[in-house]
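Residue numbers (my numbering): 613 to 823.
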């Protein structure tokens with residue numbers, strides 16, 4: 613009886629190995645970028661509000677990965693298996709934030725961190741959500757939420773904070789539809805951030821420029 617069982621087990625394992633070896637190779641992954649910025653930034657203060665340092669954005673757990681998250685029920689996320697972001701989305705946002713806030717004249721200069729240059733205000737951001745939400749049915753929507761905090765570089769006092777959100781319909785219930793809608797949501801969130809920045813720092817704080 614023992615020999616029979618061992619023989620059957622060997623045949624089963626051998627069959628599994630043969631199936632695995634004979635299977636077709638995985639299809640190549642598709643890599644997606646976040647690249648959209650607002651078409652135009654609102655005009656800033658008559659006197660620029662000093663130099664802004666933009667920290668590398670962080671992301672909430674579950675979204676701090678290049679994997680593309682989707683959700684079919686509340687409080688649960690999964691990931692596409694054949695597509696992924698070119699980098700963690702939060703890190704892809706840093707140059708887009710810099711490019712957006714450098715327009716409009718609100719700041720003398722906008723620098724990406726790390727940077728040895730002197731700065732007056734620091735911007736830290738956190739991606740709270742970036743997900744293809746399919747919970748209400750397909751093709752779903754893409755949700756992006758970003759928290760921004762501006763602090764004084766010298767005394768580390770919080771100058772302003774705001775959360776920005778955008779919901780964009782996806783054209784298809786797949787990674788391609790997700791990526792396109794995420795890019796549109798990204799542009800909307802950055803437009804909101806730019807408008808808030810221009811409004812908040814105009815006129816420029818009296819402290820700016822004093823050293």
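Idealized CB from N, CA, C, for every residue including glycine.
All values reported here derive from a predicted model rather than from experimental measurement.
Let me make sure I understand the geometry here. Which of the options has the alpha-carbon closest to that of residue i?
| i | options | result |
| --- | --- | --- |
| residue 692 | 672, 644, 716 and 800 | 644 |
| residue 759 | 785, 741, 688 and 733 | 741 |
| residue 702 | 812, 754, 667 and 717 | 667 |
| residue 784 | 751, 768, 812 and 757 | 751 |
| residue 799 | 708, 662 and 665 | 708 |
| residue 672 | 686, 700 and 739 | 739 |
| residue 699 | 677, 803, 712 and 715 | 677 |
| residue 687 | 674, 695, 696 and 697 | 674 |
| residue 646 | 806, 804 and 797 | 797 |
| residue 790 | 651, 695 and 717 | 695 |
| residue 757 | 689, 649, 805 and 685 | 805 |
| residue 764 | 649, 650 and 665 | 665 |
| residue 846 | 749, 782 and 813 | This structure cannot settle anything about residue 846, because the visible part of the chain is limited to 613 through 823. |
| residue 651 | 807, 690, 813 and 814 | 807 |
Please state whether the Cβ-Cβ distance between residue i and residue j is less than 8 Å.
| i | j | result |
| --- | --- | --- |
| residue 680 | residue 787 | yes |
| residue 683 | residue 743 | yes |
| residue 746 | residue 809 | no |
| residue 801 | residue 780 | no |
| residue 706 | residue 669 | yes |
| residue 736 | residue 661 | no |
| residue 663 | residue 721 | yes |
| residue 761 | residue 711 | no |
| residue 793 | residue 782 | yes |
Per DSSP, which one or two residues make a beta bridge with residue i?
| i | result |
| --- | --- |
| residue 738 | 670 and 759 |
| residue 767 | In DSSP, residue 767 forms no bridge with anything. |
| residue 781 | 753 |
| residue 690 | 682 |
Is there a C-beta anywhere in chain C that falls below 8 Å from the one on residue i?
| i | result |
| --- | --- |
| residue 704 | Here there is only one protein chain, and chain C is not present. |
Any 3 or more C-beta pairs closer than 8 Å across the segment 768 to 787 and the segment 721 to 729: No, because fewer than three Cβ pairs between the segment 768 to 787 and the segment 721 to 729 fall closer than 8 Å, the two stretches do not touch.
Alpha helix (DSSP H) runs contained entirely in the segment 700 to 729, provided each spans 4 or more residues: 701 to 713
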